[in-house]
Amino acid sequence: MEKILIKGAGDLASGIAWRLQRAGFPIIMTEIEKPLTVRLTVSYSNAVYENEVNIEGIKGKLVNNYQEAQEVIAKDKIAVIVDENADIAKEYKPDIIIDAIMAKKNINTKIDDAPIVIAVGPGFTAKKDCDYVIETKRGHFLGKVIEEGSAIKNTGVPGNIGGYTVERIIRANGEGVFKSVAKIGDFVKKGDIVAYVDDREVTALIDGIVRGMLHDGIIVTDKMKCGDIDPRAEQSHCFSISDKSRAIGGGALEAVLYGLKNLRKQGKK
Numbered sequence: 691m692e693k694i695l696i697k698g699a700g701d702l703a704s705g706i707a708w709r710l711q712r713a714g715f716p717i718i719m720t721e722i723e724k725p726l727t728v729r730l731t732v733s734y735s736n737a738v739y740e741n742e743v744n745i746e747g748i749k750g751k752l753v754n755n756y757q758e759a760q761e762v763i764a765k766d767k768i769a770v771i772v773d774e775n776a777d778i779a780k781e782y783k784p785d786i787i788i789d790a791i792m793a794k795k796n797i798n799t800k801i802d803d804a805p806i807v808i809a810v811g812p813g814f815t816a817k818k819d820c821d822y823v824i825e826t827k828r829g830h831f832l833g834k835v836i837e838e839g840s841a842i843k844n845t846g847v848p849g850n851i852g853g854y855t856v857e858r859i860i861r862a863n864g865e866g867v868f869k870s871v872a873k874i875g876d877f878v879k880k881g882d883i884v885a886y887v888d889d890r891e892v893t894a895l896i897d898g899i900v901r902g903m904l905h906d907g908i909i910v911t912d913k914m915k916c917g918d919i920d921p922r923a924e925q926s927h928c929f930s931i932s933d934k935s936r937a938i939g940g941g942a943l944e945a946v947l948y949g950l951k952n953l954r955k956q957g958k959k
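Numbering of the sequence shown is given in my numbering, commencing with residue 691 and proceeding in unit increments.
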């Protein structure tokens, strides 16, 4: 089975990895030393902090090198490595690279990095930076595989959930060290203290369930996203892959299979 390298291991990247691993593809995911993921309970990036995580029956384990990654993959798990520049690709030699860092720009992905290169979200142009782009904006085109052109530009406004957009987001009120008070899965009311940045209180803007929260000890900047509150208040949503992530994962699986089909037509597989 073709080998896949996924750059980034946040919640959207993890939805992709989960779906592809279920389909039988071996997966290595790369992350930074201190991931800034907020949806930790459904992100393989949390393996950087917890060593091993289990998302809906598929485990991801932190590894230190390629040999350990091979051992983890052989046990039908996803390997996660701290490797900001994805240098492991030199040994792994993936057939497919998926850039799911969600930086809203292309940091270092090139169309010739692998036989098939897929990018997730805005900041990439298909046929220039990569072979295919996956649409990430909520709405009619979510999860669409784009063969030419780019995803919809980032608006800076979070998707509407339960009638709320910007109010859902927990943001830092200045620079400092982040420390959560509320935990993922907790119900909070508007005005409740949910975290501190140094000694400054961060409060909830709406009632709901805390669905995401940054790991304690991260140095944050002013207005940085530190968590999110789901007004639908379904606790199970905190511990399961989101509808958005599943749709994007489905798009990635389509892009992988479609790309492989095209390579076979060209006699390259």
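Note that the Cβ used here is the ideal one computed from N, Cα and C, for glycine as well.
- A straight line joining the alpha-carbon of Asp889 with that of Leu950 spans about 53 Å.
- Partner residues in the beta bridge of Leu695, as assigned by DSSP, are Ile718 and Ile787.
- Taking C-beta atoms as the reference points, Tyr948 and Val835 count as a pair closer than 9 Å.
- The beta-carbon distance between Gly917 and Val900, rounded to whole angstroms, is 6 Å. This is short enough to meet the 8 Å contact definition.
- Excluding sequence positions up to five before and after Thr815, its CB lies within less than 8 Å of the CB of Val823, Gly839 and Ser840, all in the same chain and listed in chain order.
- Beyond the five residues adjoining it in sequence on each side, Lys913 comes within less than 6 Å, by CB distance, of Arg861 in the same chain, given in chain order.
- Rounded to the nearest angstrom, the gap between the Cα atoms of Gly747 and Ala894 is 32 Å.
- Contact annotation: Ile874 and Leu730 have beta-carbon atoms nearer than 9 Å.
- Shortest Cα-Cα distance from Glu825 to any of Met719, Gly700 and Ile938 involves Ile938.
- Closest option to Ala923, judged by alpha-carbon separation, among Gly852, Glu692 and Glu740: Gly852.
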